[in-house]
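Residues in the sequence shown are numbered from 61 upward in steps of one, following the working numbering.
Ideal placement from N, C-alpha and C gives every residue a C-beta, glycine not left out.
Only a predicted model underlies this, so the values are computations on that prediction, with no experimental measurement involved.
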Amino acid sequence: MFLGLGPVELVIIVVVLVLLFGLAKLPVIANALGRTLRQFRRGAAEDDESGQSQ
């Protein structure tokens, strides 16, 4: 289970995304989402480090 979603719900979400954006745009969207999550985690880790040093 991912985020409390079962396999059926995940398949439905993927199908809806394919219908909305098409197969060509999904890799671009996934790449942008991955970059955004990495930047968010990096920023959160830096914030934790600066908070501990104070």
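- For Leu65, the secondary structure class from DSSP, reduced to helix, strand or coil, is strand.
- The criterion of a C-beta distance shorter than 9 Å is not satisfied by Leu77 and Leu63.
- Separation of the CB atoms of Ile89 and Phe81 is rounded to 6 Å, and the pair is thereby assigned contact status at 8 Å.
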